[in-house]
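Notes follow the structure.
Protein chains in written order, with this note's numbering: chain F, 1 to 668; chain B, 1 to 221.
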């Protein structure tokens, strides 16, 4: 059937818009132009963008608003039906612009259509109400609309009225508002108390759109809320849970995915009855099968899998047994994946490799290392981050590290490049991977240094972002672990003691901890290493001593004490310097820190203190007897005697050794 | 052999009267046979679950595609529910594809070329999945003797019916109806099983499905 009045048929976009905007077009022509516009853009993203640029949305909003006004006045003596048609067509056109297109949503909101559409959903003409409700739903499915305040009573009333109707367009709008705006635990609680959860479950028997919309809303309300999850799972609510569980078998892939998402939300709220293994296995199998879906559902499935297994060893085991890793690697090897899907696959693999050695082996054996390395230079930051995270977790495998699978140029070079990435989270992920890779058990770590990594790490250790400082220091610390002297020298060329001293005194205790641990590793070795800590005015040594005296963080104190212990294993000069730090001459009534730390509730700190004493009083050194006397005068010996039955076995051993050594001098 | 007999009995059991009523009605609704649905309702005394008027709308869309009036079909679907084509890129692509096929069939080569560039190429850009099918469709423009080309199947009426069926299913899905009615599938199973059993056993074979089954309905209620 050819379109009547060839007027619109071959009109270009500009012409069509002109016709819509013109005050002179006869109104029937305008309606035709509107319908034509609608039919041109529905389903057609490219055309939507073209028309958006031409200012179609403000024009249509203008038409919508004048038609609404005329309809509100009863038609102004003209055909009410005509104006209602205009209203419906313009609302539908706006809805299409907003459908899945953020630029469209923004244009609709900017043109001021939101309040008007809101008022139209209660119109007596169902078609008008439907078209407006649909458009609003499209808007709420994006991230752009104004946040809906559930805590306002009249808003809650409005939402409940939407959910309680029989009209699907309105209930789906209610569900979209929920999915979009429900964010805080307080909101979740208020919604739960208003009976929204129950109503949503009741709506799960409706059409596809309603089912999916309600599942999404359910997930938003339950998410990370242990209280609500518990109530949802209670025996008398068992039927509600079952309704959702049944939906993981639904025909429609998106419904299955959303049902899984809901259940995973419940799972992550640590509800005990989730240990029913049948359900856990089913979830894994469904998600695995959903990954084959070519649409967006397949893109999102790995993310849900990641949520399900992240930090949970039991789930990771189940997934490994269900061959999920092989499936994910197969996807990777198929190639030409979209960035979103790549990110999902890498994230899921990263989670699955986080604790289980067998999983890391499986990934390596699936020959995906090449795709992984390529992904490190992907144009999408999210993909770079996800692939670096996977590499980090794979490098937790001691076996494979020692086999040298990671310490080669093809891996190290792109990782070093990521240290310069514009995106912070990518830098942190790369730092994590490097931290693990440089714990090379082979005493030679020259490759990383050769690739210019140290310079970047040192630079990052000065970053404004404390997270980056922590991770950069961690990587340096690992690099310095048992490294040979030649490499150590090269690293020391880049590190400056004044910057290390300020890092030891960093405002963030976690940074202090890493910095101290770095120095601890640094001075572990030959005498030359220990000399580094001494320089003009020994800024480093003073900084370490200060932390030992003033810090309240057990982790920081432990690292500081171990560092002292390592320094104390050096020559006379070194040992005397430590003594000076432990027993400063100023402030005689200052608390004896050695005794304070020997009395710590933390066993590691006690052990470190005992080691320090052992090293300070090593037999065969000229000044040992002097040091023993000083320790005895400071009541350290009697303190040790009190500790010979320390509850911690390791501590007991260290203390008895130290005591034994001291007694050798005292008895002599 | 036991397996086949079991299947046979199973498929028969699905055709018990009460079950049959609900799936029969469903099948008639699905294909859009309004009259049949009406008759069924009067004969068996059940209320239709859906507004029979919406069947007419859906029938018009399907007919438009089957007649090759794709633009008209698109307009009608959008009037029925603008979300259907906006959220179903595969269906939209297939409808555009059918439009191109019709232009080529009618010898409008220049218009077809323009259409392919303006409307179809962007679909391939928006979604890589469609590239292969897109290439096949555009290949129609390359052959002088289209009827004997490797892509001639696209010009068959069966292609139109395929597209029509896809639209039909999408509309149904949006109206919260089952995508696949059970009756045709069950009949297919029954036929298959009877064919298998023919080789192996003697059994009460159903020869005439319409009278045999209707007989059960009339007498056993």
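The C-beta atom is built at its ideal place from N, Cα and C for all residues, glycine as well.
With 16 other Cβ atoms within 10 Å as the buried cut-off, status of residue i
| i | result |
| --- | --- |
| residue 191 of chain B | exposed |
| residue 10 of chain F | exposed |
| residue 599 of chain F | exposed |
| residue 196 of chain F | buried |
| residue 666 of chain F | exposed |
| residue 464 of chain F | exposed |
| residue 618 of chain F | exposed |
| residue 649 of chain F | exposed |
| residue 469 of chain F | buried |
| residue 58 of chain B | buried |
| residue 183 of chain F | exposed |
| residue 205 of chain F | exposed |
Member of the options whose CA lies at the smallest distance from the CA of residue i
| i | options | result |
| --- | --- | --- |
| residue 595 of chain F | F:411, F:642, F:234 | F:642 |
| residue 151 of chain B | B:133, B:162, B:166 | B:133 |
| residue 396 of chain F | F:413, F:358, F:412, F:545 | F:358 |
| residue 327 of chain F | F:287, F:78, F:309 | F:287 |
| residue 225 of chain F | F:258, F:187, F:198 | F:187 |
| residue 65 of chain B | B:149, B:104, B:99 | B:99 |
| residue 431 of chain F | F:460, F:449, F:571, F:267 | F:460 |
| residue 90 of chain B | B:197, B:142, B:172, B:166 | B:166 |
| residue 20 of chain F | F:82, F:86, F:47 | F:86 |
| residue 67 of chain F | F:83, F:145, F:361 | F:83 |
| residue 198 of chain F | F:565, F:167, F:185, F:231 | F:231 |
| residue 172 of chain B | F:193, F:209, F:180 | F:209 |
| residue 530 of chain F | F:501, F:553, F:573, F:498 | F:573 |
| residue 268 of chain F | F:77, F:234, F:305, F:645 | F:305 |
| residue 315 of chain F | F:193, F:284, F:486 | F:284 |
Close-in-space but distant-in-sequence residues of the same chain around residue i (CB under 6 Å, 5 per side omitted)
| i | result |
| --- | --- |
| residue 49 of chain F | none |
| residue 483 of chain F | 445 |
Cut-off 8 Å between Cβ atoms - residues of its own chain near residue i, not counting five sequence neighbours on either side
| i | result |
| --- | --- |
| residue 177 of chain F | 140, 148, 159, 162 |
| residue 556 of chain F | 509, 512, 513, 516, 547 |
| residue 44 of chain F | none |
| residue 108 of chain F | 57, 61, 94, 97, 98, 114, 135, 139 |
| residue 80 of chain F | 71, 74 |
| residue 165 of chain F | 171 |
| residue 421 of chain F | 381, 384, 427, 430 |
| residue 281 of chain F | 318, 322 |
For residue j and residue i, believed in contact at Cβ under 8 Å, the rounded distance
| i | j | result |
| --- | --- | --- |
| residue 303 of chain F | residue 347 of chain F | 7 Å |
| residue 661 of chain F | residue 612 of chain F | Incorrect: roughly 12 Å between the Cβ atoms, too far for contact. |
| residue 678 of chain F | residue 494 of chain F | Limits of chain F in this structure are 1 at one end and 668 at the other, which puts residue 678 of chain F out of reach. |
| residue 136 of chain B | residue 68 of chain B | Rounded, the Cβ-Cβ distance is 19 Å, inconsistent with contact. |
| residue 195 of chain B | residue 62 of chain B | Going by Cβ atoms, the distance from residue 195 of chain B to residue 62 of chain B rounds to 31 Å, so no, they are not a contact pair. |
| residue 308 of chain F | residue 325 of chain F | Not quite, the Cβ-Cβ distance comes to about 14 Å (not below 8 Å), so this is no contact. |
| residue 456 of chain F | residue 416 of chain F | 6 Å |
| residue 332 of chain F | residue 295 of chain F | The Cβ separation is near 19 Å, so there is no contact. |
Assigned secondary structure, residue i (DSSP; H/G/I helix, E/B strand, else coil)
| i | result |
| --- | --- |
| residue 583 of chain F | coil |
| residue 366 of chain F | coil |
| residue 15 of chain F | helix |
| residue 223 of chain F | coil |
| residue 165 of chain F | coil |
| residue 568 of chain F | coil |
| residue 203 of chain B | coil |
| residue 113 of chain F | helix |
| residue 42 of chain F | coil |
| residue 506 of chain F | coil |
| residue 561 of chain F | helix |
| residue 304 of chain F | helix |
| residue 78 of chain F | coil |
| residue 194 of chain F | coil |
| residue 47 of chain B | Model confidence at residue 47 of chain B stands at a pLDDT of 48, short of 50, so the residue's coordinates are unreliable; what they give is reported in the following sentence. It is coil, neither helix nor strand. |
Contacting residues, own chain, Cβ-Cβ under 7 Å from residue i (five flanking each side not counted)
| i | result |
| --- | --- |
| residue 223 of chain F | 265 |
| residue 131 of chain F | 88, 91, 92, 95 |
| residue 214 of chain B | Note on residue 214 of chain B: pLDDT 49, under 50, position unreliable in the model; no value is reported. |
| residue 59 of chain F | 17, 20, 21 |
| residue 14 of chain F | 54 |
| residue 563 of chain F | 516, 519, 520, 523, 544 |
| residue 131 of chain B | 124 |
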